[in-house]
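In order, the protein sequences belong to chains A and B.
Residues 1 to 360 (the numbering used here) are what the first sequence spells out, left to right.
Residues 361 to 720 (the numbering used here) are what the second sequence spells out, left to right.
Even for Gly, the Cβ is constructed at its ideal location relative to N, Cα and C.
If you're wondering where the values come from, they're calculated on a predicted model, not measured in any experiment.
Here is the structure we will look at, set down as structure tokens.
There are 2 protein chains.
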Amino acid sequence: MSKGSVSKRPTIVDVAAHAGVSTAAASKVLRNAYGVSPEMKAKVQASMKALGYRPLASARGMRGRTHTVAVVVADLHNEFSSLLVEGIRRECERQRYRLLVAPAGSGKAAQDRMVEDLIDRGMDGIVLISPLGTDAELETMATNTPIVVLGRHGASQEFDSVAADDFAGANLVVDHLVSLGHRRITYINHTTEGTNDARLPEEVRVRGYVDAMIRHGLGDAIDILQSQWSQEGGEQSGKTILSRPQRPTAVFAGCDVAAFGVLTALWEAGIRIPDEISVAGFDNIFTTSLAPISITTVDQSGLDMGGTAGRLLLERIGGRTEAVNTVVQPGLVTRKTTAAHNHLTIDAASGPAPNVSAKV
Amino acid sequence: MSKGSVSKRPTIVDVAAHAGVSTAAASKVLRNAYGVSPEMKAKVQASMKALGYRPLASARGMRGRTHTVAVVVADLHNEFSSLLVEGIRRECERQRYRLLVAPAGSGKAAQDRMVEDLIDRGMDGIVLISPLGTDAELETMATNTPIVVLGRHGASQEFDSVAADDFAGANLVVDHLVSLGHRRITYINHTTEGTNDARLPEEVRVRGYVDAMIRHGLGDAIDILQSQWSQEGGEQSGKTILSRPQRPTAVFAGCDVAAFGVLTALWEAGIRIPDEISVAGFDNIFTTSLAPISITTVDQSGLDMGGTAGRLLLERIGGRTEAVNTVVQPGLVTRKTTAAHNHLTIDAASGPAPNVSAKV
DNA sequence: TAGATCGTGTAGTACGTTATACACTTTCTA
DNA sequence: TAGAAAGTGTATAACGTACTACACGATCTA
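This is the structure in structure tokens:
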């Protein structure tokens, strides 16, 4: 591809000279701007090809667009984030834009610094995955650069957003568990110090759980464990549940990774799943589908959400000014960690062993 | 942070004016170059702070450095890649460099295009994870931009490299299985159309398997299944194994994800693991550690490898010219999918049931 | 004390691209 | 057919930073 270190990289001036036109004309062809004849276009494009010309994004960034967008993500280890990113990437590729992934680390300060750095680096637009900070702060960002917020609730007039209906998702799980006869359903919540943002997915999910419990007349049975959505947090929650005199018959973890943790603790204690306790998660990450795990969970279709976010961002860059706020509907994926609860068996301790085998 | 869309972003000219010095002086302070007095430095830094000045990477990119590096990765879904990236990121953060992740998709053409795009975007250096292409091609790239190759074997005088000793890793697994009494050990290989690069990890691993088998006098038992290192590839391989008249007593998948696939097929068929068949993987991704899976595998310490790669890249950017090629030693992680093989039980079909429970 | 060296600051240009403003044809309108 | 409009191409001024030269005074050498 490259001629090595000796020959200089060709510039648009070289292209123009090779084609025998002005650099302005060459630039027009490059941007396919108004005011070029078909012959001129062909001539210039031939020269670009002949010289192996590639526009330098750094230089373009000083006046125009860099044709690059970024997605800010706290952590690459989250399988669901990867799906979102892949969705964005595909949409960008379709429109000949480059997507770069910016791992910011956790915490609002780190995230803010990353966004500034991305603007400094000339990104034409930015997707933020579940960002921290107030609407006002996000709107300030949006005045400088097109922004799409992914995985955070609440409509804004200043920026576009894409979110799954986490409230409905949580409802689906509770409805499912109640229909199986469960009443004592414990919810594993995610709490972050400091931030208490009603628009974060975790806040919406817990409200969905509470609402569904009340709707089923189970307000008294509401049981929320404050924890972290991580393997460790889930494991700790599982142990807490086991230490109680009266255990729940079902556990609803607000995130699959936390569900893994809960299951780890339960497996360790020899609890049969789902015979003794049903467990459900949220996100439908790949690992939940593996046969010996097979967790009932909520699917959000991350690829579609990412694709939508990418499309909205590129539309914004293209000039749209009115905000678009999208909500997608999640679906329940029923697997082997949830099953009918036999009240007689457990509550009265009088029946025989459950009928479903725990391990497959 | 930002003053909104009305006030222009401050430039180095504004800073210089505010401090009452030349732009050259302000630039010197910014780069902490030679030739500034302590008073001048303090004065300029105060002005930068007062104005909220941030250097524009696009503009810097035209003459100097952007203080940005990128890592090219085929696919973000691979948990091991995430670990490598995190290692690089931490090292960059230590040295106040920004790391951006570039998801290239699979295939050599896509990867090459991505590298060119990154150079166009002024990256100061690039880490390539298991890149395709010949040494010559990589060396050509390296003449234009500092490059570190991660997860690909073979030393080069032109670029730095960091690789795990995949040969030794494969040896560890075979040694382990043989010490447990296994002889019929099938290996699941990864084959890519077209490319047949002896320096790719997959090629080194399969050589390690072959070598160890011969070393143990099991040359006749060598059995390599050509497949893909994916859930589907592994599942297909598992089915193939099951369809054979004489099954292996152990399966060594060259990659954890493929091991999942193999296990999925075996579980489905009701095969007891590890009683009837032992299974081992490679990479030690998080999911292998989950209790009901608990796969014996090879740990490569991705964080360290990534950190080393990051350090080498920044050293190169800093001016080092001699190449450094690093190899790290992997370790075996023994878990529950491998166990002693009772030759009498299986081979002669005469013994009682194995002693270890398959499901925990 | 003349000359060299060092320390500190500045002027000015280059980097590659975009885009505004304008000039020159050609074609349309009334 | 005059004037307007449309079509096509060019000259050139930014954009924000880096850095080479150079200037000037102070300090060091011999």
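Interface partners of residue i on chain A, CB under 8 Å
{"i": "residue 511/B", "result": "Under the 8 Å cutoff, chain A gives no residues; its nearest Cβ is about 16 Å from residue 511/B."}
{"i": "residue 426/B", "result": "58 and 121"}
Interface partners of residue i on chain B, CB under 7 Å
{"i": "residue 59/A", "result": "422"}
{"i": "residue 56/A", "result": "480"}
{"i": "residue 117/A", "result": "458"}
Per-residue contacts from residue i into chain B (C-beta, under 8 Å)
{"i": "residue 101/A", "result": "436, 460, 461, 462 and 463"}
{"i": "residue 366/A", "result": "In the structure displayed, chain A extends from 1 to 360; residue 366/A sits before or after that span and is not available."}
{"i": "residue 85/A", "result": "436 and 463"}
Contacting residues, own chain, Cβ-Cβ under 7 Å from residue i (five flanking each side not counted)
{"i": "residue 199/A", "result": "152, 153 and 154"}
{"i": "residue 48/A", "result": "15"}
{"i": "residue 45/A", "result": "29"}
{"i": "residue 135/A", "result": "154 and 156"}
{"i": "residue 523/B", "result": "511, 512, 513 and 687"}
{"i": "residue 95/A", "result": "314"}
{"i": "residue 19/A", "result": "26, 43, 44 and 47"}
7 Å Cβ cut-off: residues of chain A touching residue i
{"i": "residue 449/B", "result": "103"}
{"i": "residue 620/B", "result": "290"}
{"i": "residue 442/B", "result": "76 and 77"}
{"i": "residue 647/B", "result": "287"}
Endpoints, the beta strand (DSSP E) within which residue i is located
{"i": "residue 500/B", "result": "Where residue 500/B is concerned, there is no enclosing beta strand (DSSP E), although the alpha helix (DSSP H) it sits in stretches over 495 to 504."}
{"i": "residue 685/B", "result": "685 to 688"}
{"i": "residue 129/A", "result": "125 to 129"}
{"i": "residue 521/B", "result": "520 to 524"}
{"i": "residue 85/A", "result": "Note, residue 85/A: premise wrong, no beta strand (DSSP E); alpha helix (DSSP H) at 79 to 94."}
{"i": "residue 611/B", "result": "610 to 613"}
{"i": "residue 600/B", "result": "Element bounds for residue 600/B: not the beta strand (DSSP E) but the alpha helix (DSSP H), 591 to 602."}
{"i": "residue 119/A", "result": "First-last for residue 119/A: 108 to 120, but that is the alpha helix (DSSP H), not the beta strand (DSSP E)."}
{"i": "residue 549/B", "result": "545 to 550"}
First and last residue of the uninterrupted alpha helix (DSSP H) at residue i
{"i": "residue 668/B", "result": "662 to 678"}
{"i": "residue 22/A", "result": "Element bounds for residue 22/A: n/a, residue is neither H nor E."}
{"i": "residue 209/A", "result": "201 to 215"}
{"i": "residue 332/A", "result": "Not the alpha helix (DSSP H): residue 332/A falls in the beta strand (DSSP E), residues 331 to 333."}
{"i": "residue 411/B", "result": "398 to 411"}
{"i": "residue 587/B", "result": "From DSSP, residue 587/B is part of no alpha helix (DSSP H) but of the beta strand (DSSP E) over 583 to 587."}
{"i": "residue 61/A", "result": "57 to 63"}
Sequence-distant residues of its chain with Cβ nearer than 6 Å to residue i (five each side left out)
{"i": "residue 8/A", "result": "none"}
{"i": "residue 337/A", "result": "273, 274, 279, 295 and 296"}
{"i": "residue 502/B", "result": "518 and 519"}
{"i": "residue 270/A", "result": "none"}
For residue i: DSSP bridge partner residues
{"i": "residue 153/A", "result": "DSSP lists no partner for residue 153/A."}
{"i": "residue 460/B", "result": "430/B"}
{"i": "residue 283/A", "result": "299/A"}
{"i": "residue 618/B", "result": "According to DSSP, residue 618/B bridges with nothing at all."}
{"i": "residue 147/A", "result": "126/A"}
{"i": "residue 278/A", "result": "250/A"}
Anticipated Cβ contact below 8 Å, residue i with residue j, distance rounded
{"i": "residue 125/A", "j": "residue 69/A", "result": "5 Å"}
{"i": "residue 305/A", "j": "residue 172/A", "result": "Contact doesn't hold; Cβ gap of about 17 Å is too wide."}
{"i": "residue 283/A", "j": "residue 331/A", "result": "With a Cβ gap of about 12 Å, residue 283/A and residue 331/A do not count as contacting."}
{"i": "residue 650/B", "j": "residue 260/A", "result": "6 Å"}
{"i": "residue 120/A", "j": "residue 417/B", "result": "5 Å"}
{"i": "residue 374/A", "j": "residue 204/A", "result": "What is shown of chain A runs 1 to 360, which leaves residue 374/A out entirely."}
{"i": "residue 128/A", "j": "residue 183/A", "result": "In fact, because the Cβ distance is near 39 Å, the residues do not count as touching under 8 Å."}
{"i": "residue 307/A", "j": "residue 91/A", "result": "5 Å"}
{"i": "residue 622/B", "j": "residue 548/B", "result": "7 Å"}
{"i": "residue 491/B", "j": "residue 526/B", "result": "In fact, because the Cβ distance is near 16 Å, the residues do not count as touching under 8 Å."}
{"i": "residue 103/A", "j": "residue 76/A", "result": "6 Å"}
{"i": "residue 700/B", "j": "residue 541/B", "result": "6 Å"}
{"i": "residue 614/B", "j": "residue 550/B", "result": "6 Å"}
{"i": "residue 637/B", "j": "residue 608/B", "result": "7 Å"}
Beta-carbon proximity list for residue i, same chain, < 8 Å, skipping 5 on both sides
{"i": "residue 567/B", "result": "527 and 530"}
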